[in-house]
Amino acid sequence: MTLKTDLNIADPDTLYAALLAAHKGLSAEGSAALNAELILLLMNHVGDAEVIRAALDLARQGKV
Amino acid sequence: MPYDYKPFPYEAPPGLKHPEPRHRVVIVGAGPIGLAMALDLAGQGVASVLVDDNNVVSVGSRAICWSKRSLEILDRIGVGEQAVDMGVTWKVGRTYHRDEEVYSFDLLPEDGHKMPAFINLQQYHIEEMLVRRALEEPLVDLRFKNRVTAVEQTGDHVYVSIETPDGTYALNAEYLVACDGAKSPIRSMMGLDFEGELFEERFLIADIEMTAEMPAERWFWFEPTFHPGQSALLHKQPDNIYRIDLQLGWDADPDEERKPEKVIPRIRKVVGHDDFRLDWVSIYSFQCRRLAKFVHGRVIFAGDSAHVVSPFGARGGNGGLQDVDALGWRLAAVVEGRAAPAILDEYDRERVHGADENILNSSRTTRFMTPADGAERQFRDAVLSLAGKTGFARALVNGGRLSKPCVYPLPGAPDHPDLPEVSRPGAVAPDAPLGNGWLTEALGGRPVLLALGCAAPQIDGLEVLAPELTETLARRYLGAARQALYLVRPDQVVAGRWVEADAGAIAAALGAIWGGRA
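Protein chains in written order, with the working numbering: chain A, 3 to 66; chain B, 3 to 520.
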């Protein structure tokens, strides 16, 4: 499978808001911990190494 | 009871009085790897001189976890059963985060193997067994208190200068095998350096003697309440000795931390009482590094002199014994003129592969145990946190991935898709019961053609083993097929396999064993 980069969420604004809400009231450290757990959970759910590597490459672009 | 470190006898070597004839092989370092090397060569009919600068076994438990593969190798050189009888057999490991168990593994869930998954046995016991075996073996010339001071090699031999309590002398040999440990003096004399990673972390390692009814399991803790924020490891050994490893952090002062008044309170917190005796303490940091090449002309490196790893995974001693396994039969064939020296490049290729696998696994464990600040620590902590609430994260908790025999890449080795993965070319031939004994006892030392469910073609110089087909043999060697032929190397590694083959194909694969890859 290849990484989906077109919209794949039915109601994007609501889900984006849910992401922000999950971080509400957390310290920077707490947010970082939440993000790390979230990434691991989603990574396991996706399971496809090719898709995950493509996402890692895309996310890393422009950071180094 | 504490181990009695008795010195082994020193005898003035003949070279002090008159020049010795050229030897076939000189082995430097009579630790487990050097001793096993000498005994493995002896099993191949090759004499060696084994020199060591010391005359006692190593102090402290050091390498304690001996894998099934190591036990099979030790069995071939005559001490495997003795080691199992004396050792603590275990196969279950448990990993805790804080005080909750988050992960456990069973290393040998099936039976039908002569050797257990792991035993714990102090390195000094293994060394003593091997020394006793070496002293009764006429093909091993074991010389204590013989320290190598210089090495030189020419086109056809190695020249070694040796210092003894009675003076200095020289040895000539066709090959030198350096089994002189992580700080290898031979490596320094040759100006060779390790490449790889040094981890900035310190660990306290302690052997304690206590009477306790603890199960024979490996216990690993992340951030236990008895040792906050750090990791801890506990192993049960024979003689009521327990081994404890405690992470201390890079800032810990090694001289301070090894003092009993500092160590004892730490141990008291682990075991929960005072009823123990401190037997041995050491503070260590570690590296995951190796030599770029293990074969340097007529000087060959094996064991810690060639590669070092962190201790979490039992890959040091076990990796070294696999070096011996891959080298012995090849070196014997070279010095006896049965194979060209190029076959030693295959040792280099296979064991560099093995060392890289060990270094990779051990570095990953180390990184998990001692994450760098920032993302590394965030993900490590996230895994530990998730491990309490999800199954998948438990598999990511990495307190050591324990040594498994290396599966060598053997490109072009004959294979058949119907045959099971467990016995594929490059893998160690899996053990199985065989009559009153075991398959591993019938293999090894020389190439063998294993014929299962069919007749074997006749090939000059190739012994055939055609056991009665059992359910276990069929499962491990036939899979979906009804018959098969397996060519097994002297180190019990599968060199090729067929469902049907003519003599020519098998002879070609046999030639490849002795001549490098076809």
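For every residue, glycine included, the Cβ atom is placed at its ideal position computed from N, Cα and C.
Problem set entry | Beta-carbon gap between E211(B) and P449(B) smaller than 8 Å | no
Problem set entry | CB contact flag (T367(B), G401(B), <8 Å) | yes
For this session: Work out the CA separation of L250(B) and D281(B) for me, nearest whole Å.
Result: 19 Å
For this session: Spell out whether any CB of chain A is found under 8 Å from the CB atom of V399(B).
Result: no
Exercise. To the nearest angstrom, how far is it from the Cα of A38(A) to the Cα of G318(B)?
Worked result: 33 Å
Exercise. Of all the options Q84(B), L137(B), Y98(B), E338(B), which has the alpha carbon lying nearest to the alpha carbon of L37(B)?
Worked result: L137(B)
For this session: Take the Cβ of D462(B) as the centre, count every other Cβ of all protein chains shown within 10 Å, and call the residue buried at 16 or more, exposed below.
Result: Label assigned to D462(B): exposed.
Problem set entry | Rounded separation between G330(B) and V142(B) - CA only | 14 Å
For this session: Could you confirm whether any beta carbon from chain B is found closer than 8 Å to the beta carbon of A42(A)?
Result: In the sequence as presented, Ala is not what sits at residue 42(A); that position holds Leu. Closer than 8 Å to some Cβ of chain B, the Cβ of L42(A) qualifies, so yes.
For this session: Starting from the beta carbon of V104(B), find every residue of chain A whose beta carbon is closer than 8 Å, and list them in chain order.
Result: Result: empty, since nearest Cβ-Cβ is about 14 Å, beyond 8 Å.
Problem set entry | Chain-ordered chain B contacts of A34(A) [CB-CB under 7 Å] | Q380
For this session: Counting only the same chain and skipping the five closest in sequence on each side, list residues whose C-beta sits under 8 Å from that of V48(B).
Result: Taken in chain order, the residues that qualify are R26, V27, L141, L333, A334, V337, E338.
Problem set entry | M216(B) burial status per 10 Å Cβ neighbour count (16 or more: buried) | exposed
Problem set entry | Neighbouring residues, chain B, relative to A20(A) (Cβ below 8 Å) | Going along chain B, no residue has its Cβ under 8 Å from A20(A), so there is no contact; the nearest lies around 19 Å.
For this session: Would you mind stating whether A184(B) and D306(B) have Cβ atoms separated by less than 8 Å?
Result: Yes, the Cβ-Cβ distance between A184(B) and D306(B) is below 8 Å.
For this session: State the start and end residues of the unbroken beta strand (DSSP E) segment that holds L194(B).
Result: Run containing L194(B): none; DSSP gives neither H nor E here.
Exercise. For a contact meaning CB atoms closer than 7 Å, what does N46(A) contact in chain B?
Worked result: F394
Problem set entry | T156(B) - DSSP class collapsed to helix/strand/coil | coil
Exercise. Which chain B residues sit within Cβ distance under 9 Å of E52(A)?
Worked result: By Cβ distance, chain B contributes nothing, its closest Cβ being about 18 Å from E52(A), past 9 Å.
Exercise. What's the gap between the Cα of I269(B) and the Cα of A208(B)?
Worked result: The straight-line gap from Cα to Cα measures roughly 9 Å.
For this session: Measure from the C-beta of L386(B) to each C-beta in chain A and report whether the shortest distance is under 8 Å.
Result: no
Exercise. Just checking, does the segment 354-364 of chain B make contact with the segment 406-419 of chain B on the three C-beta pairs under 8 Å criterion?
Worked result: yes
Exercise. Quick one: is A30(A) near chain B, going by C-beta distance under 8 Å?
Worked result: no
Problem set entry | Own chain residues within Cβ distance below 7 Å of S33(A), not counting five before or after | Excluding sequence positions up to five before and after S33(A), its CB lies within less than 7 Å of the CB of H25, all in the same chain and listed in chain order.
For this session: Determine the chain A residues that contact D383(B) at a beta-carbon separation under 8 Å, and present them in chain order.
Result: Those within 8 Å of D383(B) in chain A are A35, A38.
Problem set entry | Cβ neighbour criterion (16 or more within 10 Å) applied to L52(B) | buried
For this session: If I'm right that K116(B) touches D375(B) with Cβ under 8 Å, what's the distance once you round it to whole angstroms?
Result: With a Cβ gap of about 47 Å, K116(B) and D375(B) do not count as contacting.
Problem set entry | CB contact flag (N57(B), P9(B), <8 Å) | yes
Exercise. Alpha carbon to alpha carbon, how far is S29(A) from W223(B)?
Worked result: 28 Å
For this session: Figure out for me which residue from N320(B), D158(B), T213(B), E154(B) has the closest Cα to the Cα of I188(B).
Result: E154(B)
Exercise. Going by other Cβ atoms of all chains shown within 10 Å of its Cβ, with 16 needed for buried, is Y244(B) buried or exposed?
Worked result: Buried, by the Cβ-count rule.
Exercise. Can the beta-carbon of M39(B) be found less than 8 Å from the beta-carbon of V179(B)?
Worked result: yes
For this session: Inspect the beta-carbon positions of K271(B) and F228(B) and report whether they are closer than 8 Å.
Result: yes
Problem set entry | Below-8 Å beta-carbon distance, F370(B) vs any chain D residue | Among the protein chains in the structure shown, which are A and B, there is no chain D.
Exercise. What is the DSSP secondary structure of D285(B), reduced to helix, strand or coil?
Worked result: It is worth fixing the name first, because residue 285(B) is Ile in this sequence and not Asp. Residue state, collapsed to three classes: strand.
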